[in-house]
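If you count the sequence shown from 1, you need to add 58 to reach the numbering used here.
Even for Gly, the Cβ is constructed at its ideal location relative to N, Cα and C.
Please read these numbers as outputs of a predicted model, since none were measured by experiment.
Down below is the structure, laid out as structure tokens.
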Amino acid sequence: MKSLVFVCAQKVVSDHSSLRRALDFMPKELYPALFQAAFLGKKTLVLQDLVQTWPFAVLSFQKLLNSDRHCDPVGAMEKPSKLCVQTIILGVITYLSDALAKGPEGQRAGKQRLRLLDMTGIQDDGLEQNPDTMSLWSRTVTLAKACIDVSKRHGEEATQAWKRRRGSHITALPAASPVYVEVRVDLFVNSTSYGVLREALLVSSHSPLRLQCRDLRAEELSLRSTAGLLELLSPGSVRQIDLRFNNLGLSGLNVLLPQLAKFSRLQSLKLPYSNVDVRRLSPVMEEGLQSFASQLGQLGALRELNLGSSRLSGRLRQLLGGLQRPLESLELAFCSLLPMDLSYLSQSVHVSSLRKLDLSGNNLSDLLLTPFLQVLSEVSGRLLYLDVMECKLKDAHLGTLMTILRRCSHLRYLGLFCNPISSDGLRMVLQNLVQLAELRLVVYPFPVDCYSDATQFASSAALLDSSFDHDKLARVGEELQQMLLGAQRADMVWTTDMYVHRTLDSLSL
Numbered sequence: 059m060k061s062l063v064f065v066c067a068q069k070v071v072s073d074h075s076s077l078r079r080a081l082d083f084m085p086k087e088l089y090p091a092l093f094q095a096a097f098l099g100k101k102t103l104v105l106q107d108l109v110q111t112w113p114f115a116v117l118s119f120q121k122l123l124n125s126d127r128h129c130d131p132v133g134a135m136e137k138p139s140k141l142c143v144q145t146i147i148l149g150v151i152t153y154l155s156d157a158l159a160k161g162p163e164g165q166r167a168g169k170q171r172l173r174l175l176d177m178t179g180i181q182d183d184g185l186e187q188n189p190d191t192m193s194l195w196s197r198t199v200t201l202a203k204a205c206i207d208v209s210k211r212h213g214e215e216a217t218q219a220w221k222r223r224r225g226s227h228i229t230a231l232p233a234a235s236p237v238y239v240e241v242r243v244d245l246f247v248n249s250t251s252y253g254v255l256r257e258a259l260l261v262s263s264h265s266p267l268r269l270q271c272r273d274l275r276a277e278e279l280s281l282r283s284t285a286g287l288l289e290l291l292s293p294g295s296v297r298q299i300d301l302r303f304n305n306l307g308l309s310g311l312n313v314l315l316p317q318l319a320k321f322s323r324l325q326s327l328k329l330p331y332s333n334v335d336v337r338r339l340s341p342v343m344e345e346g347l348q349s350f351a352s353q354l355g356q357l358g359a360l361r362e363l364n365l366g367s368s369r370l371s372g373r374l375r376q377l378l379g380g381l382q383r384p385l386e387s388l389e390l391a392f393c394s395l396l397p398m399d400l401s402y403l404s405q406s407v408h409v410s411s412l413r414k415l416d417l418s419g420n421n422l423s424d425l426l427l428t429p430f431l432q433v434l435s436e437v438s439g440r441l442l443y444l445d446v447m448e449c450k451l452k453d454a455h456l457g458t459l460m461t462i463l464r465r466c467s468h469l470r471y472l473g474l475f476c477n478p479i480s481s482d483g484l485r486m487v488l489q490n491l492v493q494l495a496e497l498r499l500v501v502y503p504f505p506v507d508c509y510s511d512a513t514q515f516a517s518s519a520a521l522l523d524s525s526f527d528h529d530k531l532a533r534v535g536e537e538l539q540q541m542l543l544g545a546q547r548a549d550m551v552w553t554t555d556m557y558v559h560r561t562l563d564s565l566s567l
């Protein structure tokens, strides 16, 4: 329910000219509510005025838009308005220009207020990009260009000032700007945006607009480019590094991991699709694997690890045994795991703290079933997120699985997509899962009895490629929804859309 303060703020921001005249007399305590109302109402002119006169040292998107102090959370952080985000960046640039134009005396007298624009936590819009929203990649490029532009203008203005004071001969270059705003941000870079981001990070330390990276996601970059970016990041600010589709291999990862040791606050390391295969190692590659495991152990703050799509058969103990602290999130999708890997995991220190577990793409229906159930039993009291997509689980496995899942009292997400389960099996799963009060999202597979010939499927890929009865699938979906309503669990979403949810990690759970 909206508070009276928020309702009044909506009314105030609806009249830009009146608000602008009243800003000098506005109590600073009202700014957060006005910002919420302007952002959610897409009042860009109001937003720019609020940013330029922001009375606090910090302007944080997360705290302002996810707070329920004045209004209910409405998903503003999920799909931020592109125009509003651009307006806020422009407002900060204008604020800096005004502060710099005052000169040293004016800057001291004005006592610069805004010091930090925190844009972390704004979620990417996913695969279906809406033209009215702003993706993480677009925000990265926009901020990088703004940083470069502000730096160039400041440099030109500083140079002109030196020329006026000292004539045409310049004896020294101006120091870093005394007026600046730090922008704490999550960055997404690929080969297309690498150049502009690198330039922005190079000038950032002396620019009035300074980028401070919290989470870095880099895709399809060369080893040299990736290493170059890591060198430019502040050691004390980085929380997560996500390197994917970079084809680094063991040799490339061993080049990068020593650089990661400087990030003392690095809690999350994601290395999916890194082209690592330990199944047939030469003596040299064996040494490389030992080096990789040893360097992982140097990351003392690590809580989350993703080694998805690496072939790690039989090597989980070696890779995880040297970590300094138990993991809270472990993603091992499509890792060709062996029973000994899951047996190790079920007895390791990590099961005492795991809140997220992704074993997608591993065949849990045969030799891995018993050790998998042992792992699940050990983590049941803490587990929030479980993904077993494409694990060849069938109706025959569901009884034992549900017995353990019913003990996962804190489970919030369950991924079952692309497993050969029937409509009856899904009904049984739902009847068991409605007992889990915190469970909010289940991604379930197309039932095998909705396909034209369920007996022919030898793989999960075949399930996706084969034709199915859309009418029957719709009827099953409607029946599941009715069962949820009958169990008074309208708060639980059952869907076959594997992209409907945001990919959660232990840092956001």
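- A straight-line Cα-Cα distance of about 18 Å links S262 and T152.
- In the structure shown, L444 adopts extended strand secondary structure according to DSSP, grouped into three states.
- Within the same chain, Cβ atoms closer than 8 Å to the Cβ of E289 are found at Q317, the five residues on either side in sequence being excluded.
- Taken through DSSP and simplified to helix, strand or coil, W112 comes out as coil.
- Residue ranges of uninterrupted alpha helix (DSSP H) with 4 or more members, entirely inside the segment 270–330 and ordered along the chain, are 281–290, 307–318.
- Counting along the chain, the unbroken alpha helix (DSSP H) around R256 starts and ends at 252–262.
- About 19 Å separates the beta carbon of L488 from that of C449, a gap too long to meet the 8 Å contact definition.
- Three or more pairs of CB atoms, one per stretch, sit closer than 8 Å, so the segment 88–98 contacts the segment 60–71.
- A straight line joining the alpha-carbon of T554 with that of R268 spans about 43 Å.
- By the Cβ neighbour-count rule, A96 is buried, with 16 or more other Cβ atoms within 10 Å of its own.
- Rounded to the nearest whole angstrom, the CA to CA distance from V109 to V71 is 14 Å.
- Taking the Cα of L396 as reference, the smallest distance to any Cα among S435, D424, A495, R440 is reached at D424.
- Of the other Cβ atoms in all chains shown, 16 or more fall within 10 Å of the Cβ of D107; this residue is therefore buried.
- DSSP, reduced to helix, strand and coil, places F93 within a helical segment of the structure shown.
- For the options T102, S118, L542, the alpha carbon positioned closest to that of L141 is the one of T102.
- By the 16-neighbour rule on beta-carbons within 10 angstroms, D156 is exposed.
- Boundaries of the beta strand (DSSP E) harbouring T553: 551–553, taken from the DSSP string.
- From the listed residues D190, S326, F246, E215, the smallest Cα separation to L201 is found for F246.
- Just measuring C-alpha positions, the residue of F321, L281, A285, D300 sitting nearest L306 is L281.
- If you draw a straight line from the Cα of E389 to the Cα of G366, it is about 6 Å long.
- V334 is classed as buried because its beta carbon has at least 16 other beta carbons within 10 Å across all chains shown.
- In this structure, the alpha-carbon of S322 lies about 21 Å from that of H408.
- When DSSP states are grouped into helix, strand and coil, D527 belongs to the coil group.
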